[in-house]
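Here is the structure we will look at.
Chains as they are written, first to last, in my numbering: chain A, 9 to 1093; chain B, 178 to 341.
Given below as structure tokens:
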């Protein structure tokens, strides 16, 4: 009996254990974060509407396989048009014209470890080598995609791409690298960790003896060099970024082992040495430019899973290169102005960007960066200084500040390897501005001009057409601290393939708002700060890149002798390459005595009065006893940035930092507008005139509606307060359902290179429209396979970007993820940001226009392509809570200008005839000054929602620290939801206690109004997306419990029952035994 | 009542071990939740504290024989339930960091170093909880009380039962 009791007691414990395990596991797995994943593995009910018929957005493709095949084709096209020929002494193309006709076989030797990332079976050998893509956020997956035609199949390695072109590679190299390529790289990161790590490329040492039968593979020697990319990592400028004893002068400079590859290549195939630069960051490879052993250099970025098909077509000559650099290539970027204040500390590695006083150096508020370079990042800096050295020597442009290794004089040719927008081809082009076509449109506030492009060579090719402008730099500008780049991109297009001698005419339209200057001192309409136009000559120019265009301006508009100009390879002064627009003779401007017009853009397109909003992002705004100096072209030597380490914080700054953005104090003052109501039941209401029941009481009735449609309140007022209140802080991974208006769960995925979050089979139904059967060979695939963003930017092809956006939209239809965190729109402030692979360029207008095209393409398929990270996510080091200091002009004309077009210029017309701009954004981790972006009223509420009139949803970046993400401030500043993955835990956080007090929120009229308006933004966004595919008016949200949830419940309940039963029996037996014992006369002590 | 302590039975040692592991797990959990951003989970804390109290109660009673061992033994059952449920509640927000640290770096978009610390603490905590449950399981099969001696042994023999 006693033995039996112990056994039963043990079994009861086991049953209780199983019961807790099943019930607990079900509650975890059923939460929004994991349910889709588990459904994907086991089959479940995560997606799909209840009617299955009401599809607004449908795929153009019959099957997933067909869509993926098209996706692969577009990826190849992007890489083909994006790769940039930087040097060519005849090694490319690999085939002559006659050989191309016959498809003659070629045999080449490929050197360098990066192309050998994959095994023959398509398995990624080592994730640390990101030849094809980045690490996290945009990683290239190793899964294969199988198609009936084998079009995509395994990821396209360089070997497979070349084999497809009948070019065979030396097999000895493959075995050489497969043995030793990836050791001894440190675990976890190939690039430097944030917070001061160092990095050295571990290219295996090799010699000619390692190349086997190289003589049989000597049609060319292809050397592949590059740098990886990844989230959470930065390269550090200069020597501070490399390991002790490294032969590299910087992390993005060449190592001795890489130089040795050039030696070996030259021995294998002299005169036919081709270097492929596979890097999303602009490497310091000036030495290759003048190296006679290197015959051709082709930049290929990170080409993704299928991009090398396009690269191979360029290599053999089936297509001519037509890409243009999206970033300037500096010889030594560590001495550039922006690099003086980047990362964790100064470039010498001697001091950190941390506060000198106080105890505020916590993980999320102890680091800062001063963007002391002002607007002079990338080519804005190099080209402006070049122009000033020629035209304004008194500015000190030719002085020693910012030179490498203590040179006494600053020379452009010493500093720059290749300029922004530069690119060669197998042919040549002439470009001529047609002055008679210049049109200034006063109403649209645009200028338009035609450019004639002629293929003057012997090779069919496309060409980028870039229009630049030089705005007048006046006495007023110098007096007021307004900075002007000597040349800036304002418009671009790409031609079709032009046959030899074929001309074409391209019309370029530039928005004046994108070359107006922001003056933080000017007054208008009773406020301070605004965009200005000036009375003077705005010089427009075309050219092969920014430098060529600037040379045209200098020669044609300033009569600088051609021999004083530095021209890049293949470039020469073009007398027909400029047009001067004198605003003094144009209508619509009202210049004051200083020649300034602040009224032209006094009102934004969103109807708001433009004024200063970012003063507190300037360190000098605070009284700390220290001042920072922003770079000015009026005095290059005196204002050249120093590294601002150890800055003090003031009392006011300290308060904001220590309170972690509690900028808004809840109050019961005031009243909410009448329309702000929650939990109203309109279902029983009837139209006053017709007596017909109102039908617009669920979200499915609002498909395609305009934001300002009158009947939104019917919908929004039905949402309960609890739904709205709980929605805001718990939006990670997916947006929760609203039962009150039958709005379903809306899934989100990351990121710019494609879906890294959820496979096709995870949410899709097995039958019906756009079904993905669990047995589908692609059901487990995630499509993070596109080329990196800079390679895409280098196409300068807006139509192609729209096509890419469309295929992303298709992808999101098939995977049932309406919200995607792409594109990456931050600027390349320096080449040291290892995450540059997710962002297009250093140029705000190029980034702006490409993002607009991409998002427009996605809207066509109902995809909420949501750009990130708004804004100032300029580095990875300490980015969670990083204080970024900048002046208002820099903020407005750089990062914010990149995002502006998404809110104002997308202009997609949906099937209901309503105009849509971008419907989503992700905010950044950073602080503008010391205020977190999410809590920054000036940036979020006044500029983004106000001036730009942004109507879509906004999510925070992934909340992993509560400290500087406060729901109260997010809500009040119209961030619609926060990306949390662990809701209950976050809600329990003391940092969020003010928001968690429901009654306080409910009693605050301003909070109520903000919550209501946020619901409007969110519902408007999903009503115009594929989120409502399959939902028809009258549908009720389906019970989406999956079979495995029922099973876990069942098992848990069963085990619980067993445990309880056994408990009961044990109690019964125990009592019985006691009674028996007592009956026998025993007593317990 | 006289306090008499004699040599414990094997089950007692497992009960004590279960208590120690549970306390260690609770301490580790408190350390983990103290790391940004993982705030306290009320269910995890409540379940863990209750389980520790139950185990403590079992251990003390077993040691002192101040209560019927029969009732004491039954408390293993809710203790096991509470520990496992508390552990899962605690683990839920840590799954992403754990996956990021031990499985794949693609599942996390947040701060990597902080997540690694979270993950290591979380795994250690979970290990303590699981070991505690294993000890409970074993203890449940074994006599958990103390060996009776002297008069007690005689009394027990007369009653025809020993502590279970």
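Positions of the beta carbon are idealized from the N, C-alpha and C atoms, including for glycine. Keep in mind it's a predicted model, so treat the numbers as computed, not measured.
{"Check": "Reduced DSSP secondary structure (H/G/I, E/B, other) of residue 307 of chain A", "Outcome": "strand"}
{"Check": "Interface residues of chain B facing residue 441 of chain A [CB-CB closer than 7 angstroms]", "Outcome": "Result: empty, since nearest Cβ-Cβ is about 45 angstroms, beyond 7 angstroms."}
{"Check": "Backbone CA spacing between residue 852 of chain A and residue 1051 of chain A [nearest angstrom]", "Outcome": "50 angstroms"}
{"Check": "Simplified DSSP state of residue 11 of chain A, which is helix, strand or coil", "Outcome": "helix"}
{"Check": "Buried or exposed (CB count within 10 angstroms, at least 16 for buried), residue 925 of chain A", "Outcome": "buried"}
{"Check": "Residue 763 of chain A beta carbon less than 9 angstroms from that of residue 833 of chain A", "Outcome": "no"}
{"Check": "Cβ of residue 285 of chain B within 9 angstroms of any chain A Cβ", "Outcome": "Per-residue confidence for residue 285 of chain B stands at a pLDDT of 35, beneath the threshold of 50, marking its modelled position as unreliable; no derived number is given."}
{"Check": "Residue 584 of chain A versus residue 546 of chain A: straight-line alpha-carbon distance, rounded", "Outcome": "16 angstroms"}
{"Check": "Cβ shell of residue 649 of chain A (< 7 angstroms), same chain only, five flanking positions each side left out", "Outcome": "345, 348, 349, 380, 381 and 639"}
{"Check": "Buried versus exposed, by CB contacts within 10 Å (16 or more), residue 716 of chain A", "Outcome": "exposed"}
{"Check": "Listed by chain order, chain B residues near residue 935 of chain A by CB distance under 8 angstroms", "Outcome": "Ordered by position in chain B, no residue passes the 8 angstroms Cβ test against residue 935 of chain A, which lies about 15 angstroms from the chain."}
{"Check": "Proximal residues, the segment 298 to 317 of chain B versus chain A, C-beta separation under 9 angstroms", "Outcome": "310, 313, 314, 315, 316 and 317"}
{"Check": "For residue 95 of chain A, the residue or residues it bridges with in DSSP", "Outcome": "A:305"}
{"Check": "Test: residue 253 of chain B CB closer than 9 angstroms to a CB of chain A", "Outcome": "yes"}
{"Check": "CB contact check: residue 190 of chain B to chain A, cutoff 9 angstroms", "Outcome": "no"}
{"Check": "CA nearest to the CA of residue 410 of chain A, picked from A:111, A:794 and A:645", "Outcome": "A:645"}
{"Check": "9 angstroms Cβ cutoff met for residue 801 of chain A and residue 431 of chain A", "Outcome": "no"}
{"Check": "Buried/exposed call for residue 103 of chain A, threshold 16 Cβ in 10 Å", "Outcome": "buried"}
{"Check": "C-alpha distance - residue 748 of chain A paired with residue 1003 of chain A, whole-angstrom precision", "Outcome": "22 angstroms"}
{"Check": "9 angstroms Cβ cutoff, residue 815 of chain A in contact with chain B", "Outcome": "no"}
{"Check": "C-alpha distance - residue 768 of chain A paired with residue 808 of chain A, whole-angstrom precision", "Outcome": "24 angstroms"}
{"Check": "Chain A contact for residue 262 of chain B (CB, 9 angstroms cutoff)", "Outcome": "yes"}
{"Check": "Helix, strand or coil at residue 647 of chain A according to DSSP, with G and I counted as helix", "Outcome": "helix"}
{"Check": "Contact belief for residue 85 of chain A with residue 318 of chain A at Cβ below 8 angstroms, rounded distance in angstroms", "Outcome": "6 angstroms"}
{"Check": "Bridge-paired residues (DSSP) for residue 360 of chain A", "Outcome": "A:353"}
{"Check": "Rounded distance between the beta-carbons of residue 690 of chain A and residue 725 of chain A, thought under 8 angstroms", "Outcome": "7 angstroms"}
{"Check": "Interface flag, residue 36 of chain A vs chain B, CB-CB below 9 angstroms", "Outcome": "yes"}
{"Check": "Other residues of its chain near residue 259 of chain B: CB distance less than 6 angstroms, five sequence neighbours each side excluded", "Outcome": "224, 227 and 228"}
{"Check": "Cα-Cα separation, residue 520 of chain A to residue 601 of chain A", "Outcome": "22 angstroms"}
{"Check": "DSSP beta-bridge partners of residue 475 of chain A", "Outcome": "A:499 and A:550"}
{"Check": "Member of A:182, A:215, A:268 and A:274 whose CA lies at the smallest distance from the CA of residue 227 of chain A", "Outcome": "A:274"}
{"Check": "Contacts that residue 258 of chain B makes with chain E (C-beta to C-beta distance below 8 angstroms)", "Outcome": "Protein chains A and B are contained in the structure displayed, whereas chain E is not."}
{"Check": "Contacting residues, own chain, Cβ-Cβ under 6 angstroms from residue 1135 of chain A (five flanking each side not counted)", "Outcome": "Since the first residue shown for chain A is 9 and the last is 1093, residue 1135 of chain A is missing from the structure and cannot be characterised."}
{"Check": "Residue 260 of chain B (DSSP reduced to helix, strand or coil)", "Outcome": "helix"}
{"Check": "Sequence-distant residues of the same chain with beta carbon closer than 7 angstroms to residue 635 of chain A, five excluded per side", "Outcome": "628"}
{"Check": "Proximal residues to residue 448 of chain A (C-beta, below 6 angstroms), its chain only, five neighbours per side dropped", "Outcome": "455 and 594"}
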